[in-house]
Amino acid sequence: MTDEPITLQIDGDEVSVPRGATLLDAAEQAGIDIPVICYHEATTPNGLCRICVVDVDDGRVLQPACVAECQADSKVRTRNDRVERSRRTILEMLNASVNLEQAPEIQGMMADYEADQTRFPDARRREAEVIDDNPFYVRDYEQCVLCWRCVQVCAEDAQFTFALTLKERGHETSVATAYDIGMTESPCVFCGQCIGVCPTGALKPKMEWGMEQGWTAEELRRNTRRARKREGGGDGD
Ligand code: SF4
Ligand code: FES
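Have a look at this one:
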């Protein structure tokens with residue numbers, strides 16, 4: 002009995018899904034696109050960003066589709082006024098505090114939901130220096146939306162390296178190495194998986210970043226070699 006599929010309605014269409022399927026799974030099966038930011042197919046969903054919220058049976062609160070399981074006979078609306086307003090506000094708040102210039106998917110959502118880029122003019126913006134502490138990639142946490150994907154792929158979802166964690170609280174929360182040590186002193190093996198799942202420009206290969214900075218071919222070669230760092234050679238300026 003327990004493995005019998007359950008049936009629900011999504012935007013008026015009936016869908017049957019395996020028990021335990023999320024609303025995001027069901028929407029995908031129905032060919033309906035729901036925006037996501039913290040969710041990634043390679044990571045365990047945690048329901049952090051709330052951009053994927055949907056309306057289930059006109060419930061008191063909207064449900065995050067990436068973690069909420071389908072309930073039999075429920076009626077789900079993936080994009081009504083409530084849902085749009087909620088997504089728009091999340092995007093406006095994100096945009097007010099984080100540099101999203103290099104986050105094309107989120108930019109697309111902002112256009113789609115007609116987010117007002119001037120709605121929270123007094124919001125405190127995330128401020129951070131670019132961290133250039135290794136030859137392989139740089140970290141610019143002014144562009145970080147705290148989706149947690151990098152921390153997850155570095156941990157149990159893929160690499161089991163545990164080089165990344167979170168530090169501080171509230172607005173000061175940021176991704177960091179444990180005790181904020183340099184990346185080359187951390188357990189990081191420079192697999193690049195964190196860069197692969199980052200939805201913004203917060204994590205970037207050093208080569209790409211160097212080209213953006215206008216480095217010469219010689220500077221690119223010199224600054225992206227591990228040996229130079231071991232010799233304490235700095236970043237090649
Ligand atoms: S650095 Fe990128 S992947 Fe990591 S939490 Fe920030 S936005 Fe997400
Ligand atoms: S994508 Fe579902 S909560 Fe972030």
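Heads up, the sequence shown is in my numbering, so the first residue is 2 and it goes up one at a time. Yeah, the Cβ is synthetic: ideal placement off N, Cα and C, and Gly gets one too. For clarity, every value in this text was computed on a predicted model and none was experimentally measured.
Our two residues, residue 81 and residue 211, have alpha carbons roughly 44 Å apart in a direct line.
By the C-beta criterion, the region 153-169 is judged not to be in contact with the region 127-138, since fewer than 3 inter-stretch pairs fall below 8 Å. Residue side-chain check: residue 149 places its Cβ nearer than 7 Å to a non-hydrogen atom of the ligand SF4. Closest in C-alpha terms to residue 169, from the list 180, 163 and 90, comes 180. With a cut-off of 7 Å, the C-beta of residue 51 is classified as near the ligand FES, since at least one heavy atom of the ligand falls inside that distance. Judged by their CB atoms, residue 71 and residue 37 are not nearer to each other than the 8 Å cut-off.
A direct Cα-Cα distance of roughly 32 Å separates residue 29 from residue 162.
Taking C-alpha positions only, residue 65 is separated from residue 50 by approximately 9 Å. Considering only 79, 24 and 96, the residue with the shortest C-alpha distance to residue 143 is 96. Look at residue 33 here: in three-state DSSP terms it is coil, with no helix or strand label. In this structure, residue 177 has its beta carbon at no less than 7 Å from each heavy atom of the ligand SF4. Contact between the region 5-19 and the region 73-92 is established, with three or more Cβ pairs separated by less than 8 Å. Look at residue 223 here: in three-state DSSP terms it is helix. The C-beta distance from residue 8 to residue 73 rounds to 6 Å, short enough to meet the 8 Å contact threshold. 8 Å or more divides the Cβ of residue 91 from the Cβ of residue 35.
Annotation for residue 192: 160 place their beta carbon closer than 7 Å to its own, counting only its chain and skipping 5 residues before and after. By the beta-carbon neighbour count (other beta carbons within 10 angstroms, threshold 16), residue 140 is buried. Taking every protein chain shown into account, the CB of residue 118 has fewer than 16 other CB atoms within 10 angstroms, so this residue is exposed. Taking 7 Å as the cut-off, the C-beta of residue 145 counts as close to a heavy atom of the ligand SF4.
By the neighbour-count criterion, in which 16 or more other beta carbons inside 10 Å mark a residue as buried, residue 123 falls on the exposed side.
A distance below 7 Å between beta-carbons, with the five flanking residues on each side excluded, links residue 85 to the following residues of its chain, in chain order: 114.
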